[in-house]
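A.B. asks: In our numbering, the protein residues as written are 3 to 174.
Shown next, in the form of structure tokens:
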């Protein structure tokens with residue numbers, strides 16, 4: 003699978019993508035500030051085990067690459083529930099040098115366009131903790147709407163924070 007955006011190429015993540023740089027993102031406290039992955043230590047073996055959890059499922063693990071430099075800058079996940087016609091999307095832009103430059107939004111919008119064009123997907127969902135303003139803005143700019151709030155659900159930097167759930171019903 004390959005999807006082209008304005009700034010990024012989104013394609014299936016493979017074993018060759020498990021690089022020292024990728025593993026570094028997964029161990030960078032700033033990159034994982036709002037992710038539950040921050041509670042784990044990552045190495046090549048843990049990354050390969052995660053990658054091997056995708057074959058045989060409807061779920062996808064995706065690499066996000068800057069089309070200009072051809073460098074990997076992040077990853078995305080799509081967890082599908084075919085019986086419900088839903089897809090839950092996640093994103094991590096690990097390369098901090100491209101933060102706030104539109105790459106994450108382009109990757110997000112590219113994947114949402116692909117999902118929205120599929121007749122088997124009736125709803126796309128995503129979530130984040132309340133203090134993750136970048137992620138909230140990304141979802142809202144893509145047309146997603148806030149659907150639910152779980153009050154004081156997760157601990158972030160010693161504070162109980164709400165988890166916010168967003169949804170999008172593709173236009174048909």
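Each residue gets a CB set at the ideal place from its N, CA and C atoms; glycine is no exception.
1) Would you please state the rounded distance, in angstroms, between the beta carbons of residue 94 and residue 131? I believe it to be under 8 angstroms.
2) Locate the beta strand (DSSP E) running through residue 100, then write down its first and last residues.
3) Runs of 3 residues minimum, wholly inside the region 102 to 138: which ones carry the beta strand (DSSP E) assignment?
4) When the Cβ atoms of the region 39 to 57 are set against those of the region 3 to 10, are three or more pairs found closer than 8 angstroms?
5) Report all residues from its chain with a CB closer than 8 angstroms to the CB of residue 25; omit the five preceding and five following residues, and keep chain order.
6) Output yes or no for whether 7 angstroms exceeds the beta carbon distance between residue 126 and residue 140.
7) Going by the CB atoms, is the gap between residue 89 and residue 123 shorter than 7 angstroms?
8) Straight-line CA distance for residue 99 to residue 71?
9) Have a look at 144, 142, 164 and 159 and flag the residue whose alpha-carbon is nearest the alpha-carbon of residue 152.
10) Distance check for residue 81 and residue 87, CA to CA, integer angstroms please.
C.D. replies: Reading from the atomic positions:
1) The count along the chain shown starts at 1 and reaches residue 94 at position 92. The count along the chain shown starts at 1 and reaches residue 131 at position 129. No, residue 94 and residue 131 are not in contact; Cβ-Cβ is about 14 angstroms, not under 8 angstroms.
2) On the chain shown, position 98 is the one that residue 100 refers to. Residue 100 -> no beta strand (DSSP E), and no H or E assigned at all.
3) 125 to 131
4) no
5) Counting from 1 along the chain shown, the entry for residue 25 is found at position 23. 44, 45, 46 and 49, listed in sequence order.
6) Stepping through the chain shown from its first residue, residue 126 is reached at position 124. Stepping through the chain shown from its first residue, residue 140 is reached at position 138. In this structure, residue 140 does not lie closer than 7 angstroms to residue 126 by Cβ.
7) The count along the chain shown starts at 1 and reaches residue 123 at position 121. The count along the chain shown starts at 1 and reaches residue 89 at position 87. Contact: yes.
8) Locating residue 99 in the chain shown gives position 97, counting from the first residue. Locating residue 71 in the chain shown gives position 69, counting from the first residue. Cα to Cα, residue 99 sits roughly 13 angstroms from residue 71.
9) By 1-based counting over the chain shown, the position of residue 152 is 150. With distances taken between Cα atoms, residue 152 lies closest to 164.
10) Locating residue 87 in the chain shown gives position 85, where the first residue counts as 1. Locating residue 81 in the chain shown gives position 79, where the first residue counts as 1. Roughly 11 angstroms between the two C-alpha positions.
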